[in-house]
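Enquirer: 1 is the number of the first residue of the sequence shown in the numbering used here; add one for each residue after it.
Dropping a structure here in structure tokens format, bear with me for questions.
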Amino acid sequence: MERLNLFHKFLLILSLSTLLGIVALAGTISYLLKKNLVEEEGQDTASLMRVLSGSDLSPEMFAQALRQGEGVAFARFADRIKGMPEVFRVKIYDKAGTLVWSDEERLVGKNFTDNLELKEALGGKVQVAMGLLKREHIYESDRYNENRLIEVYVPLLHPDSGEVYGALEIYKHPVSHFALMDRMRRAVWVISLTLGILLFASCSWLFWNALKQQKKLDAEKGLMQAQLIQAEKLATIGAMLAGLAHEINNPLNIIWNKVRLMLKDLQGVNPGIELVQDLRVIDSNISRIGGIIRNLLAFSRKSNFDSVPLNLNTVISESLLLVEKPFARMNIVFDQALDLSLPQILGDPNQIQQVLLNLLSNARDAVQEGGKISIRTYVLKHGGPWVVAEVRDSGHGIPPEIIGRIFDPFFTTKGSHEGVGLGLAVSYGIVNSHGGSIQVESRPGQGTVFTLRFPARA
Ligand SMILES: Nc1ncnc2c1ncn2[C@@H]1O[C@H](COP(=O)(O)OP(=O)(O)OP(=O)(O)O)[C@@H](O)[C@H]1O
Ligand SMILES: [Mg+2]
């Protein structure tokens with residue numbers, strides 16, 4: 001949950017910053033492109049105007065600019081310029097910033113020194129600005145179907161002294177430039193968006209994987225710690241029980257021998273008499289205690305076993321043969337997936353069979369009527385090679401609060417007639433003495449899986 005929250009927060013921050021990044025990147029590139037194109041267009045226009053004005057306009061005309069005769073000369077020049085493609089308006093200023101010619105006659109004679117671009121132009125610098133069509137240009141907007149325009153201010157320089165003697169203001173409609181600009185801007189946005197989406201996807205994928213990895217490591221660490229604690233606990237209990245079992249075993253053997261001798265002596269005597277019956281009860285109970293003691297010794301790894309090379313698949317098949325019929329009567333379905341390339345392991349087939357029978361009988365108790373038990377074997381290379389067997393059931397599962405105790409000797413949730421609570425303890429001891437491990441994973445209500453791991457034979 002916490003991890004999911006963290007991921008959601010990360011996604012939120014990532015999407016915001018990606019969005020911001022896209023807007024900043026695409027915006028900056030578009031702005032620079034536009035600036036570049038507009039500037040280039042402005043400079044080209046300015047160069048052309050200078051050449052034309054050099055022949056058509058002279059500083060002297062400006063000196064007496066507002067006189068009628070000069071007005072005609074200016075108008076001729078303006079018409080010539082306006083006849084050029086994309087140019088639709090020309091204004092001519094003298095060096096004081098006074099408009100000396102415009103097609104809007106009412107403005108002629110007015111001073112425009114508060115126009116910053118004009119001021120710069122009169123200082124000798126070409127000025128280029130991009131603007132929108134104003135209401136007065138409505139006619140042009142019909143003509144060009146485009147509401148942007150470029151205003152170019154061109155200083156007019158004296159051919160000898162280089163002094164500014166006036167300025168031109170030209171309104172242009174470089175339609176092809178605008179179209180190019182739009183195309184480039186669209187391309188920039190598409191590229192930025194694609195990059196942004198790729199960045200977003202890869203960052204979130206990386207983050208999600210890192211979280212998953214971290215979760216796996218945490219789980220592995222938790223499992224290892226739990227296993228370590230359990231191993232220590234079971235080792236302590238094992239050592240205690242081993243001593244106890246050993247101490248009980250000797251006197252028990254003596255008692256058992258004596259009982260056997262007594263029963264032998266009483267052979268031929270009427271088996272119905274009370275003494276014989278009592279001795280039989282004592283005999284069967286002693287052998288039961290003997291069984292428990294053997295199990296305790298197996299759990300505490302104090303029992304010896306014969307180690308031979310064996311195939312785990314064979315032991316599994318033999319164990320299944322033993323339980324097949326009684327399980328079938330309970331409508332339990334078996335599912336096997338045995339890896340035929342399994343390497344051999346070293347061990348005692350009887351003891352390993354005991355482990356499998358313990359797990360199978362626990363699975364049977366958990367699934368009850370009509371459940372499913374699956375067994376699968378495979379090789380695990382990591383840290384091994386290990387030969388692994390999995391016993392999975394679809395039973396009621398193990399509640400988390402007791403899962404840490406199921407390997408404890410005498411821990412059982414079954415009635416006193418059904419379980420002693422030694423099955424898993426013994427299995428644990430046997431697997432351990434084979435250099436292997438036994439792990440459990442369970443989901444209450446869904447099932448349990450026990451995983452046995454044995455070192456593969458070298
Ligand atoms: N497959 C399983 N599904 C659900 N619970 C299980 C499963 N295997 C073991 N348990 C739980 O673990 C407890 C201990 O199992 P264990 O085999 O050691 O003892 P038992 O089965 O109760 O008795 P015994 O095996 O000695 O007859 C069981 O009582 C049961 O609660
Ligand atoms: Mg059991």
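A virtual CB, placed ideally from N, CA and C, is assigned to each residue, including glycine.
If we call anything under 7 Å between Cβ atoms a contact, is residue 445 one with residue 397?
Expert: Closer than 7 Å, so yes.
Enquirer: Classify residue 149: buried if its beta carbon has 16 or more other beta carbons within 10 angstroms, exposed otherwise.
Expert: Residue 149 is buried by the Cβ-count criterion.
Enquirer: Starting from residue 283, trace the alpha helix (DSSP H) in both directions and tell me its first and last residue.
Expert: Its alpha helix (DSSP H) spans residues 274–299.
Enquirer: Nearest by alpha-carbon distance to residue 176: which of 37, 457, 336, 392 is it?
Expert: For the residues 37, 457, 336, 392, the minimum Cα distance to residue 176 belongs to 37.
Enquirer: Note down the Cα distance separating residue 251 from residue 214, rounded to an integer number of angstroms.
Expert: So the alpha carbons of these two residues sit roughly 55 Å apart.
Enquirer: Should the region 225–234 be called in touch with the region 394–412, which here means at least 3 C-beta pairs below 8 Å?
Expert: They touch, by the three-pair rule.
Enquirer: Per DSSP, which one or two residues make a beta bridge with residue 36?
Expert: DSSP, once it has assigned bridges, lists no residue as partnering residue 36.
Enquirer: Going by DSSP, what residue range makes up the beta strand (DSSP E) through residue 425?
Expert: First-last for residue 425: 423–433, but that is the alpha helix (DSSP H), not the beta strand (DSSP E).
Enquirer: Span of the alpha helix (DSSP H) holding residue 465?
Expert: This structure does not reach residue 465, given that the chain is present from 1 up to 458, and the question cannot be answered.
Enquirer: At a threshold of 6 Å, does residue 295 count as lining ligand 2 (C-beta to nearest heavy atom)?
Expert: No; taking the cut-off as 6 Å, the Cβ of residue 295 has no heavy atom of ligand 2 nearer than that.
Enquirer: Around ligand 2, what residues have a beta-carbon under 6 Å from a heavy atom of it, in chain order?
Expert: In chain order, the qualifying residues are 358, 361, 362, 419, 423.
Enquirer: Going by the C-beta, is residue 366 closer than 6 Å to any heavy atom of ligand 1?
Expert: Under cutoff, so the answer is yes.
Enquirer: At a cut-off of 6 Å, would you count residue 373 as near ligand 1, judging by its Cβ distance to the nearest heavy atom?
Expert: The answer is no for residue 373.
Enquirer: Can you tell which of 197, 356, 111, 368 has the C-alpha that lies nearest to the C-alpha of residue 427?
Expert: Of 197, 356, 111, 368, the residue nearest in Cα terms is 356.
Enquirer: Looking at the structure shown, is residue 231 part of a helix, part of a strand, or coil, going by DSSP?
Expert: It is helical.
Enquirer: Given 6 Å as the limit, tell me if residue 398 has its C-beta closer than that to any heavy atom belonging to ligand 1.
Expert: Yes, Cβ of residue 398 sits closer than 6 Å to a heavy atom of ligand 1.
Enquirer: Under the DSSP definition of a beta bridge, which residues are partnered with residue 212?
Expert: None; residue 212 has no bridge partner.
Enquirer: Can you find the residues in the same chain that come closer than 8 Å, C-beta to C-beta, to residue 309, ignoring five residues on each side of it along the sequence?
Expert: Excluding sequence neighbours, residue 309 sits near 344, 345, 346, 457.
Enquirer: Taking residue 154 and residue 49 to be in contact with their CB atoms under 8 Å, please state how far apart those CB atoms are, rounded to whole angstroms.
Expert: At roughly 5 Å, the Cβ-Cβ gap stays under 8 Å, so residue 154 and residue 49 are in contact.
Enquirer: Measure the Cβ-Cβ separation of residue 292 and residue 334 and say whether it is below 7 Å.
Expert: No, the pair does not count as a contact, with Cβ atoms beyond the cut-off.
Enquirer: Anyone know if the C-beta pair for residue 375 and residue 336 falls short of 7 Å?
Expert: Going by C-beta atoms, residue 375 is nearer than 7 Å to residue 336.
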